[in-house]
Ligand SMILES: Cc1cc2nc3c(=O)[nH]c(=O)nc-3n(C[C@H](O)[C@H](O)[C@H](O)COP(=O)(O)O)c2cc1C
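The following block contains the structure:
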């Protein structure tokens, strides 16, 4: 998720689940072509397994980006065919590409040929008036034939004209039934359901038929709600689920590396404030952390103090 699932947030989530597949923000192939690659691609090895999500509509540029993803040691590349923002539409990629399955197929083919990394696609169930089940079926069939290995389906259509991106994540109704029908009709395809999954129970329910689930906003806004993912979804050993203080402590060595390389603490700390919610003193703790981490010279010791405070409260 743009501006949210950056490397710092992914380090936080990795303290909560060792096994969940994490995705980058969308990185535009054109931007990668023109440079600033380290800033766009660098990540910490502890974030793996990690998917690089790409935006674009040019097979050659996407192939080049895929080669970079492989050189950077990502685990998978995912093509964004779901974003409805005006800026992305102007670039003629994102959700509007659902109107041109052949072009997306050429992109997927070029990406698949460019490296050994699996190529996957994130898309909607339809756009504008092109929202019939038949069109959805033809879309995934075309891309599967081109080499797409998994589909992350945001189970609502997008209105490219008339709704803004935020409305396009809430207004069109969720249609899990259509994604489920897709799985029934194409059992050989690997389908990952996305959209409106609020908690582990929601995910478990849909995993009865879906090959995977993808969680966006609920993971960002309530990271600790997912601390049973490894045990309940991946069948990992029954360790105690991590607490807020454990998660925060886990981030400190990374923060030390980041800050000693000249990075500021705030880009890391801004994600951590969501760790504590719904308990007395939460607001006070968040405010204190925000104030202490915002300063130019703030360093990992701020996180040390914040985690001590949590430990003292048994959190
Ligand atoms: C702030 C924000 C940024 C997003 N950026 C991206 C993005 O870069 N790539 C993408 O595929 N989806 C992006 N999305 C959409 C989410 O990945 C997801 O499909 C959508 O929010 C529905 O899932 P959810 O209900 O679990 O959040 C973004 C969503 C939000 C709220």
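Residue numbers (the working numbering): 793 to 1107. For every residue, glycine included, the Cβ atom is placed at its ideal position computed from N, Cα and C.
Practice item. Using the DSSP secondary-structure output, state which residues sit across from residue 869 in a beta bridge. Key: Locating residue 869 in the chain shown gives position 77, where the first residue counts as 1. The partner list for residue 869 (beta bridge, DSSP) reads 844 and 911.
Check your understanding: Does the pairing of the stretch 1090-1103 with the stretch 1033-1044 give three or more beta-carbon distances under 8 Å?
Key -> yes
Review point. CA-CA distance, residue 763 and residue 1057?
Key: Outside the modelled stretch of the chain, which goes from 793 to 1107, sits residue 763, for which no answer is possible.
Review point. Does ligand 1 have a heavy atom nearer than 7 Å to the CB of residue 899?
Key: Your numbering for residue 899 matches position 107 in the chain shown. Residue 899: no, Cβ never under 7 Å from ligand 1.
Review point. Which partner residues does residue 950 have in the DSSP bridge list?
Key: Sequence index remark: in the chain shown, residue 950 carries index 158 (1-based). In the DSSP output, where bridge partners are listed per residue, residue 950 has 919.
Review point. So does the stretch 1073-1093 actually touch the stretch 811-827, counting three or more Cβ pairs closer than 8 Å?
Key: no
Check your understanding: Taking 7 Å as the line, does the beta carbon of residue 1010 fall inside it for any heavy atom of ligand 1?
Key -> Mapped onto the chain shown, residue 1010 falls at position 218. Yes, the beta carbon of residue 1010 sits closer than 7 Å to at least one heavy atom of ligand 1.
**Study point:** Neighbourhood of residue 978 by C-beta distance below 7 Å, restricted to the same chain and skipping five residues each side
**Key:** Within the chain shown, the letter at position 186 stands for residue 978. Within the same chain, residue 978 has close Cβ partners 932.
**Study point:** Nearest residue (CA-CA) to residue 942, options 948, 904, 1029 and 962
**Key:** Taking the first residue of the chain shown as position 1, residue 942 is located at position 150. Closest option to residue 942, Cα to Cα, is 904.
**Study point:** Euclidean distance between Cα positions of residue 1035 and residue 1013
**Key:** Numbered from 1 along the chain shown, position 243 holds the residue referred to as residue 1035. Numbered from 1 along the chain shown, position 221 holds the residue referred to as residue 1013. Their Cα atoms are separated by approximately 16 Å.
Check your understanding: What does DSSP give as the partner residues of residue 983 in its beta bridges?
Key -> Mapped onto the chain shown, residue 983 falls at position 191. Paired residues: 943.
Point to revise | Status (buried if at least 16 other CB within 10 Å, exposed otherwise) for residue 1053 | key: By 1-based counting over the chain shown, the position of residue 1053 is 261. By the 10 Å Cβ count, residue 1053 comes out exposed.
Exercise for review: Would you mind reading off the limits of the alpha helix (DSSP H) that contains residue 1099?
Suggested key: On the chain shown, residue 1099 is found 307 positions in, with the first residue counted as 1. 1093-1104 is the span of the alpha helix (DSSP H), which, as asked, contains residue 1099.
Check your understanding: Using the C-alpha atoms, what's the distance from residue 970 back to residue 1001?
Key -> Here residue 1001 corresponds to residue number 209 of the chain shown, with the count starting at 1. Here residue 970 corresponds to residue number 178 of the chain shown, with the count starting at 1. Cα to Cα, residue 1001 sits roughly 12 Å from residue 970.
Check your understanding: Span of the beta strand (DSSP E) holding residue 815?
Key -> Working through the chain shown from its first residue, we reach residue 815 at position 23. Start and end: 814-820.
Review point. CB of residue 869 to nearest heavy atom of ligand 1: below 7 Å?
Key: Position 77 of the chain shown holds residue 869. No - ligand 1 has no heavy atom lying nearer than 7 Å to the Cβ of residue 869.
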